[in-house]
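Written out below as structure tokens is the structure these notes cover.
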Amino acid sequence: MPLGNRVKEFRAAKNLNQQQLGSLVGASRQTISLIERGDYNPSITLALKIASVFQKTVDEVFYLTEEE
Amino acid sequence: MKKKVGLKFALSMIGCALFGALCSIVANFTQPSLTDIIKNLSDILIENSTILMLIGVIPIIVGSVLLSKAKSTIKANVDLDEAEFEKTHKTLSLGLAIPSIIMPWIFMCLGFSLICTIRYQKATVFIDLLILILETTWITIIQYQTVEQTKKIFPEKRGNVLDRKFQKEWYSSCDEAEKQIVGEACYKSYKTMNMVYPVLFAVMIFVCTIYNLSPFIFLMLGVLWLIQILSYLIPSYKLEHGKKSRR
């Protein structure tokens, strides 16, 4: 089941660019871009770090989608 | 399901055996012409090693153009927006990959050149060696500059191309997604090579029946295949069961 996310939306709300978010969570800009596009499923550690930057829970940022 | 897979495997084995038998029959009937084809092809490769080596300049030029394109974009504004970032990153990746794939080609051509020099007492190997030095230097400059430009858009990246520890440092500065990409690409490479080696052996066995081949070709292929298998199995065993296992 693919993983959906609202990283781009929350990042925009926090007024952060991909580079800044990447620096905050210890990931590259490319990785943030891959996550936002749904091309990479982050590890639990990275998902927790991202959710923590947005002051949200992991399941508010990441969710399972039905369709393949 | 198991039966179906087993049947598929058995059928593919029978198919391969039939193909092998067909190749032997064809080789037997066309032996003189096939020998001529291989001999002519060898002569063409040996006698034109310098031209073949110079063909290697084309991808290097393509790499240089891509690098300068990326360089000018980064120079204009290092804080690229998302679309520009993707485009520049792609350009840099291609700029690094295209000249790199020419390295085996250059060394292969040097081998042809060496055979030409030994066989025909020509001095081509010296000219080709000079071309090899120029091309590898040019490739190294492209690689160095591409890595430096990549560092500008990925400030967390570490390593110097000229340093022997470059691969290790670069890999350790990669994050989890980048390491996963490296891992998946390596696995695909392993899978591809595990298919390529048996095919190469089959081709060489076929060629061996019509052409006088050196046993070193089989030895070399066997050693390369063995290195491929061991370099995959040993680290994967260590990672799963060794002291540095990733638990």
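Quick mapping for you: the protein sequence lines, in order, are chains D and C.
So that you can map any letter, position 42 of the first sequence is 35 in our numbering, and since no number is skipped, the others follow by simple counting.
So that you can map any letter, position 159 of the second sequence is 143 in our numbering, and since no number is skipped, the others follow by simple counting.
Glycine is no exception: its CB is placed at the ideal position from the N, C-alpha and C atoms.
If you're wondering where the values come from, they're calculated on a predicted model, not measured in any experiment.
- In this structure C/T193 is in contact with C/S8, their Cβ atoms being roughly 7 angstroms apart against a cut-off of 8 angstroms.
- When CB distances to chain D are screened at a threshold of 8 angstroms, the residues of the region 154 to 170 of chain C falling below it are C158, D159, E160, A161, E162, Q164, in chain order.
- From the listed residues D/Q48, D/K42, D/Q23, D/G15, the smallest Cα separation to C/H73 is found for D/Q23.
- Membership of D/L(-4) in the beta strand (DSSP E) is indicated by the continuous run -4 to -2.
- Among the CB atoms of chain C, one or more fall inside 7 angstroms of the CB of D/S36.
- Between C/Q151 and C/M177, the C-beta gap is not smaller than 7 angstroms, which leaves the two residues out of contact.
- For D/N10, the closest alpha carbon among the candidates D/N(-2), D/I25, D/D32 is that of D/I25.
- Rounded to the nearest whole angstrom, the C-alpha separation of C/I189 and D/G(-3) is 52 angstroms.
- Among the residues facing chain C, D/A6 is not included, as its CB has no counterpart in that chain under 7 angstroms away.
- If one requires a minimum length of 4 residues, the alpha helix (DSSP H) runs lying completely within the region 3 to 45 of chain D are 11 to 18, 22 to 30, in chain order.
- The beta-carbon of C/F138 is placed less than 7 angstroms from the nearest beta-carbon of chain D.
- It is roughly 27 angstroms from the alpha-carbon of C/M204 to the alpha-carbon of C/I82.
- Residues of the region 65 to 87 of chain C with a C-beta less than 9 angstroms from any C-beta of chain D: D65, E66, F69, E70, H73, listed in chain order.
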